[in-house]
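Number of protein chains: 2
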Amino acid sequence: MEKIDGKNLKHTLTPEEIITAEGREITLCACVHKIKKSGGFYFVLLRTGRYVYQTVYRAGKCKGDFAALCEGAYISVSGTVKKEERAPYGFEIELTDFEILSKPKSECPFDISASHLGVSIETSMEHRFAALRNPEERAAFKICEGVTTAFSSFMQKNGFTEIHTPKLTTLNMEDKKHAFRLKYFGETAYLAQSPQLYKQAAVAFFERVFEVGSAYRADKHNSTRHLNEFISLDFEMAYAAGLHEIMAVITAFLKHAIKYLNKNYQNELQILGVTLPEIKTIPCITFNEALEILCKPKKQPDLDPTDEVKICKWAREKFKTGLIFIEKFPQKKRPFYVMGSKGNPKLTETFDLIFDGKEIASGSLRLHDYDELTVKIKRMGIDEAQYAPYLDMFLCGMPPHGGAAIGLERLVMQLLGLDDIRQATLFPRDLHHITP
Amino acid sequence: MEKIDGKNLKHTLTPEEIITAEGREITLCACVHKIKKSGGFYFVLLRTGRYVYQTVYRAGKCKGDFAALCEGAYISVSGTVKKEERAPYGFEIELTDFEILSKPKSECPFDISASHLGVSIETSMEHRFAALRNPEERAAFKICEGVTTAFSSFMQKNGFTEIHTPKLTTLNMEDKKHAFRLKYFGETAYLAQSPQLYKQAAVAFFERVFEVGSAYRADKHNSTRHLNEFISLDFEMAYAAGLHEIMAVITAFLKHAIKYLNKNYQNELQILGVTLPEIKTIPCITFNEALEILCKPKKQPDLDPTDEVKICKWAREKFKTGLIFIEKFPQKKRPFYVMGSKGNPKLTETFDLIFDGKEIASGSLRLHDYDELTVKIKRMGIDEAQYAPYLDMFLCGMPPHGGAAIGLERLVMQLLGLDDIRQATLFPRDLHHITP
């Protein structure tokens with residue numbers, strides 16, 4: 001019988017911790033990233049969960065069995081810390097001993113230690129478990145961590161409560177044709193395309209809520225910017241005075257996220273060779289203004305991807321920013337639950353946020369009055385019975401509210417200038433990939 | 437054309453902010469929680485996203501149309517802050533004006549303002565959108581927020597990287613019979629029962645990872661402690677020296693979570709009438725020791741729910757704690773990927789954490805050697821082809837590793853002493869509920 005006290009937890013030493021141990025011996029577990037001969041000794045690069053450290057093996061000075069060492073092995077080492085300006089993080093470790101904990105069964109399909117893996121996304125997907133070991137490939141996912149952490153802390157600081165809503169549902173807010181369907185104990189259920197209904201319900205009791213959760217779209221896209229399963233950064237807030245208040249929350253979050261990433265993820269930004277944009281303000285134009293800028297006819301109900309690219313180019317020239325809000329889209333392509341614009345019932349209180357040619361967020365004010373909602377559902381020819389559980393919440397009263405959703409992978413893709421959204425997704429789900 | 441700068445975000449005033457405005461007028465948006473006549477005036481209790489504030493309406497002093505006011509309306513008020521020791525948080529607000537923003541269509545099916553709703557979970561499920569407006573009902577979900585926030589910050593502080601893994605998969609680590617199945621562009625996919633495979637894969641490149649994500653079990657349970665969709669707090673770590681190191685991480689997390697909740701969620705703990713347990717150490721016994729304590733025969737392959745209740749009673753008497761680790765379960769009921777115990781191949785390096793009679797976590801050391809894994813898969817008669825993508829990752833080498841999963845709703849249920857796990861789930865998914 002033992003008692004577990006949870007004290008003295010071990011962790012892998014960071015560069016800052018190692019450098020303070022200069023001249024002393026430390027121990028470390030890591031993966032053998034690269035072995036390079038250099039005159040009478042060997043450089044053994046060791047990959048930890050975040051860093052690659054330079055160690056040196058000299059035959060007479062280290063007890064470990066060098067012949068047994070190979071790239072890809074996981075080992076435990078001891079060695080002396082020496083200042084070395086030419087090494088990463090300004091130190092190297094002179095090995096005194098090592099023990100091999102685990103060896104690979106076969107060689108990796110590509111050179112994990114390359115500064116740039118240089119394989120197609122298709123090849124990377126085929127050997128996903130290997131590709132992600134490359135420091136540049138994995139770096140994007142530390143940035144994903146940074147963005148979600150920044151999102152959660154920003155939201156909580158601003159009075160939003162974190163919620164978890166079901167992804168199995170019978171209620172689809174967007175479009176059943178493009179939802180994954182399954183049997184749930186005899187009933188037909190769908191994978192939620194968004195937490196829309198549930199986050200709306202939650203403003204009645206939490207006033208402001210956010211969620212970091214999976215969302216599903218069964219669209220047969222075959223593009224570099226769509227996923228069939230993605231992480232949605234959702235929020236919803238009561239008493240929003242207007243669309244611009246919701247945009248202000250997104251703007252403030254993006255500023256906070258960039259500050260947070262610059263402070264805590266320099267290591268990864270340097271590996272990726274990325275300088276994050278500085279955001280001061282984000283311009284906002286109406287859909288009709290966008291059509292004028294694009295010299296397009298007014299009857300067009302939505303912008304297409306090329307329009308989005310052109311608008312961002314225009315914004316970059318005019319405002320020196322790749323980010324732009326477009327608001328007040330026509331009702332036609334927007335879901336029933338959005339609020340119509342006062343004075344112009346054909347327009348809606350909706351917006352998209354475009355970032356260097358790609359939509360990364362969208363939001364709206366929602367209808368909150370039971371009568372207005374039911375009238376609109378009837379007018380749009382929607383089956384009212386299907387939305388009965390949704391309408392239920394409005395019977396007890398709902399505050400005026402609105403919200404938005406930000407696509408995590410899209411945001412990270414654009415922040416880092418990645419070519420393909422799959423590079424911002426650990427195990428992408430698309431038309432061709434349900435495995436691994 | 438406007439520019440959104442994200443500055444001067446609004447938020448609802450906290451009690452601390454209101455009390456500092458004593459003698460001054462403030463404005464506030466909130467829901468009319470309760471109207472109570474008291475002599476020549478009315479108490480109007482206002483419910484914000486977290487608090488219920490006492491305001492006072494006097495006919496001559498407030499411009500708002502009192503006749504139009506009703507419980508459940510969402511309103512914007514202005515009023516003067518007055519110290520009042522008998523009121524919640526030590527103040528009340530003397531109303532000077534209000535505007536009704538939204539009114540309910542019909543009355544709530546029960547008294548939202550009751551300190552204890554007092555309806556069955558079945559009734560609460562039937563009127564979920566109403567029930568969650570009750571301050572006691574919603575309080576559990578602030579605690580859920582606190583636990584996940586504490587989990588994320590604890591894990592990151594200890595060198596774990598947050599990951600998001602797919603919930604749509606063809607790989608099932610546990611048991612296909614009890615997985616939800618769906619068609620994914622012509623292929624058969626499953627909803628992940630756990631992120632097991634993916635978090636194991638991630639230790640190869642991030643060393644230590646954690647995830648807060650949905651998990652799915654298609655079991656036909658009809659109990660107060662099972663959900664078919666739940667939030668799993670998962671972590672996985674390379675180089676764990678043994679099972680006790682993984683238990684130590686859980687113990688340290690629980691200590692941290694309780695400290696964090698006590699610091700930041702006193703408001704909800706008081707509403708719920710809960711004093712959180714103090715954890716110093718968590719005792720750990722072996723499965724065989726547990727059988728001895730229970731006076732049960734050695735051939736039993738697992739503990740049943742009554743055993744778990746008895747063991748916790750025993751722990752409470754002997755160690756004054758309702759928490760106990762049980763380790764080294766027989767191979768029979770444990771999945772193929774767990775490591776066998778050295779010296780006794782019939783036992784495994786596995787553990788469960790039981791909290792007042794209910795399992796809240798389980799973990800194990802995993803096999804990390806390709807040859808050992810394939811031999812075991814064959815010996816257990818498992819279709820090797822099915823696990824080919826899983827086995828792939830071991831070809832490139834894997835560090836020794838282990839991990840665990842904590843059920844969020846189970847943990848919150850036990851921390852708060854709730855009777856039913858549905859009370860710790862906003863919109864529960866069980867045998868009878870796929871809606872709302």
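In the order they appear, the protein sequences are chains W and A. Numbering-wise (this note's numbering), the first sequence opens with residue 1 and increments by one. Numbering-wise (this note's numbering), the second sequence opens with residue 437 and increments by one. A virtual CB, placed ideally from N, CA and C, is assigned to each residue, including glycine. What you are looking at is a predicted structure, and each value in this text was computed from that prediction instead of being measured.
Rounded to the nearest angstrom, how far is the Cβ of residue i from that of residue j, given a contact under 8 Å?
| i | j | result |
| --- | --- | --- |
| Phe-129(W) | Cys-580(A) | Between Cys-580(A) and Phe-129(W) the Cβ distance is about 33 Å, and since that is not below 8 Å, they are no contact. |
| Gly-457(W) | Gly-402(W) | Residue 457(W) is absent from the structure shown; chain W starts at 1 and stops at 436. |
| Glu-623(A) | Thr-605(A) | Not quite, the Cβ-Cβ distance comes to about 11 Å (not below 8 Å), so this is no contact. |
| Pro-195(W) | Asp-234(W) | 5 Å |
| Tyr-620(A) | Ile-434(W) | 5 Å |
| Gly-72(W) | Cys-108(W) | 6 Å |
| Arg-865(A) | Arg-661(A) | Not really, about 14 Å apart at Cβ, beyond 8 Å. |
| Phe-41(W) | Arg-58(W) | 5 Å |
Give the range of the alpha helix (DSSP H) segment to which residue i is assigned.
| i | result |
| --- | --- |
| Val-249(W) | 243-264 |
| Lys-439(A) | It is not in any alpha helix (DSSP H) - Lys-439(A) instead sits in the beta strand (DSSP E) that spans 438-440. |
| Ile-667(A) | Per DSSP, Ile-667(A) belongs to no alpha helix (DSSP H); it is in the beta strand (DSSP E), 665-674. |
| Glu-453(A) | 451-455 |
| Arg-564(A) | 564-567 |
| Cys-284(W) | Unbroken run through Cys-284(W) is the beta strand (DSSP E), 282-286; no alpha helix (DSSP H). |
| Gly-146(W) | 135-157 |
State yes or no: is the beta carbon of residue i nearer than 9 Å to at least one beta carbon in chain W?
| i | result |
| --- | --- |
| Met-834(A) | yes |
| Ala-797(A) | no |
| Cys-467(A) | yes |
| Met-829(A) | yes |
| Ser-630(A) | no |
| Arg-644(A) | yes |
| Asn-780(A) | no |
| Gly-595(A) | yes |
| Tyr-773(A) | no |
| Cys-580(A) | yes |
| Tyr-634(A) | yes |
| Ser-538(A) | yes |
| Asp-670(A) | no |
Just checking: is the beta-carbon of residue i within a distance shorter than 9 Å of some beta-carbon in chain A?
| i | result |
| --- | --- |
| His-178(W) | no |
| Ile-231(W) | yes |
| Leu-45(W) | no |
| Gln-156(W) | yes |
| Met-1(W) | yes |
| Phe-205(W) | yes |
| Phe-129(W) | yes |
| Gly-49(W) | yes |
For the beta strand (DSSP E) containing residue i, name the first residue and the last one.
| i | result |
| --- | --- |
| Cys-31(W) | 25-38 |
| Thr-532(A) | 527-538 |
| Ile-813(A) | Where Ile-813(A) is concerned, there is no enclosing beta strand (DSSP E), although the alpha helix (DSSP H) it sits in stretches over 806-815. |
| Lys-183(W) | 181-184 |
| Gln-54(W) | 52-57 |
| Thr-644(A) | Note that residue 644(A) is Arg in the sequence shown here, rather than Thr. Counting along the chain, the beta strand (DSSP E) containing Arg-644(A) begins and ends at 644-652. |
| Tyr-826(A) | No beta strand (DSSP E) contains Tyr-826(A), which is instead part of the alpha helix (DSSP H) from 824-831. |
| Glu-763(A) | 759-763 |
Any idea which residues DSSP pairs residue i with across the strands?
| i | result |
| --- | --- |
| Val-412(W) | Beta-bridge pairing links Val-412(W) to no other residue. |
| Gly-525(W) | Outside the shown range of chain W (1 to 436) lies residue 525(W), about which nothing can therefore be said. |
| Val-358(W) | In the sequence as presented, Val is not what sits at residue 358(W); that position holds Lys. Answer by DSSP bridge pairing, in chain order: Phe-355(W). |
| Asp-430(W) | His-433(W) |
| Gly-779(A) | Paired residue(s): none; Gly-779(A) is not in a bridge. |
| Ala-625(A) | Leu-618(A) |
| Ile-842(A) | Leu-669(A) and Ala-797(A) |
| Pro-305(W) | For Pro-305(W), which the question treats as bridged, DSSP gives no partner whatsoever. |
| Phe-510(A) | Reading off the sequence shown, one finds Tyr at residue 510(A), where the question assumed Phe. In the DSSP output, where bridge partners are listed per residue, Tyr-510(A) has Cys-467(A) and Ser-538(A). |
| Phe-43(W) | Lys-36(W) and Val-56(W) |
Name the chain B residues whose beta carbon is nearer than 7 Å to that of residue i?
| i | result |
| --- | --- |
| Tyr-489(A) | In the structure shown, chain B cannot be found, because the protein chains are W and A. |
> Which residues, taken in chain order from the segment 163-174 of chain W, show a beta carbon closer than 9 Å to some beta carbon of chain A?
Replying inline: Ile-163, His-164, Thr-165, Pro-166, Lys-167, Leu-168, Thr-169, Thr-170 and Leu-171
>> Give me the subset of the segment 684-704 of chain A whose CB atoms are less than 7 Å from a CB atom of chain W, sorted by chain position.
In response: Ala-684, Val-685, Thr-687, Ala-688 and Lys-691
> Which of the residues in the segment 494-528 of chain A, read from start to end, lie with their CB under 8 Å from any CB of chain W?
Replying inline: Gly-508, Ala-509, Tyr-510 and Ser-512
> Any residues in the segment 712-726 of chain A with a beta carbon nearer than 9 Å to a beta carbon of chain W? Which ones, in chain order?
Replying inline: Ile-715, Lys-716, Thr-717, Ile-718, Pro-719, Cys-720, Ile-721, Thr-722 and Glu-725
>> Tell me which residues of the segment 367-379 of chain W have at least one Cβ-Cβ distance to chain A shorter than 9 Å, keeping chain order.
In response: His-368, Asp-369, Tyr-370 and Asp-371
> Taking a cut of 7 Å between CB atoms, which residues from the segment 295-320 of chain W lie near chain A?
Replying inline: none
> Between the segment 757-770 of chain A and chain W, which residues of the former have CB atoms less than 7 Å from a CB of the latter, in chain order?
Replying inline: Phe-761
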